[in-house]
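S.K.: Residue numbers (the UniProt record's numbering): 1 to 234.
Cβ atoms here follow ideal geometry from the backbone N, Cα and C, with glycine treated the same way.
This structure is a prediction, so every number in the text was calculated from the model and none was measured.
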């Protein structure tokens, strides 16, 4: 019993004289615990597609997802685009759609892998892509020559919408993002003021960007239908 009393007494004096140290250690452990919990929560939310780091790249009303954010492979493309360019092409991927950050990022990686590994290109072909979540995903960006429209890659930028729009229109989210991105291209001097807007099919033998979507594009400002000069089947 005396031993138990002695243990309690020593414990009391130790806790009294070292209380500041003990409290500091407690706070440190508590902060570390909650920091770990918050970090894990953020990772889960990002994985579910509920959060994405917002960037506008100088464009208003647009959320642009950087290459790092969607998990791009290193680009081997180093040919600089001389801007402003006279043409702007609209494509569709003719693949499945996506509806959140996680699924659209996965789709971006799938497209990039296909373009690099199957087609032998230096990178994903388009300058930008638009996801079903209404975000704009950076492909080669504004300053790199793309691989999207045969014969026009050095004199055009290309935006591609993720999905197949042969028989239906893209969602309002996607359409708003696309028209805002076109406006940004003009305002930021990436295309000339009197740029010409085309569907991919206007420059080559393809159904891209899908008949339903193409019929809408024809009503947009600056549209010029094909076959345009330089049209090629290959």
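(1) In three-state terms, what does DSSP make of residue 217?
(2) Thinking just about the alpha-carbon of each residue, which of 151, 140, 135, 147 is nearest to the one in residue 162?
(3) Once DSSP output is grouped into helix, strand and coil, what is the label at residue 49?
(4) Candidates 72, 218, 80: which alpha carbon is nearest residue 198's?
(5) Pick out whichever of 127, 178, 227, 148 has its Cα sitting closest to the Cα of residue 133.
(6) Please specify which runs of the alpha helix (DSSP H), each continuous and at least 4 residues long, are wholly inside the stretch 97 to 165, giving them in chain order.
(7) Does the distance from the C-beta atom of residue 230 to that of residue 152 stay below 8 Å?
(8) So which of 137, 223, 221 has the shortest CA-CA distance to residue 107?
(9) Report all residues from its chain with a CB closer than 7 Å to the CB of residue 211; omit the five preceding and five following residues, and keep chain order.
(10) Under 8 Å between the Cβ atoms of residue 109 and residue 71?
(11) When DSSP builds the beta bridges, which residues end up paired with residue 85?
(12) Checking the sheet assignment: what are the DSSP bridge partners for residue 197?
(13) Using 8 Å as the limit for Cβ to Cβ distance, is residue 82 near chain D?
(14) Which one or two residues does DSSP pair with residue 80 in a beta bridge?
(15) Which of the three DSSP states, helix, strand or coil, is assigned to residue 168?
(16) Measuring straight from C-alpha to C-alpha, what distance separates residue 97 and residue 170?
(17) In chain order, what residues of the same chain have a beta carbon less than 7 Å from the beta carbon of residue 156, not counting five sequence neighbours either side?
(18) Can you tell me whether DSSP reads residue 64 as helix, strand or coil?
(19) Please name the residue in 204, 223, 213 whose C-alpha comes closest to that of residue 250.
(20) Could you work out which residue in 144, 64, 126, 68 is closest to residue 93 when comparing CA atoms only?
M.R.: The answer reads as follows:
(1) helix
(2) 135
(3) With a pLDDT of 45 at residue 49, under the threshold of 50, the predicted position of this residue should be treated as unreliable, though the coordinate-derived value follows. Here residue 49 sits in coil by DSSP.
(4) 218
(5) 178
(6) 101 to 113
(7) yes
(8) 137
(9) 166
(10) yes
(11) 191
(12) 88, 223
(13) Note that chain D does not occur in the displayed structure, where there is just one protein chain.
(14) 144
(15) coil
(16) 10 Å
(17) 85, 87, 88, 89, 149
(18) strand
(19) Absent from the model: residue 250. The displayed extent of the chain is 1 to 234, so no value can be given.
(20) 126
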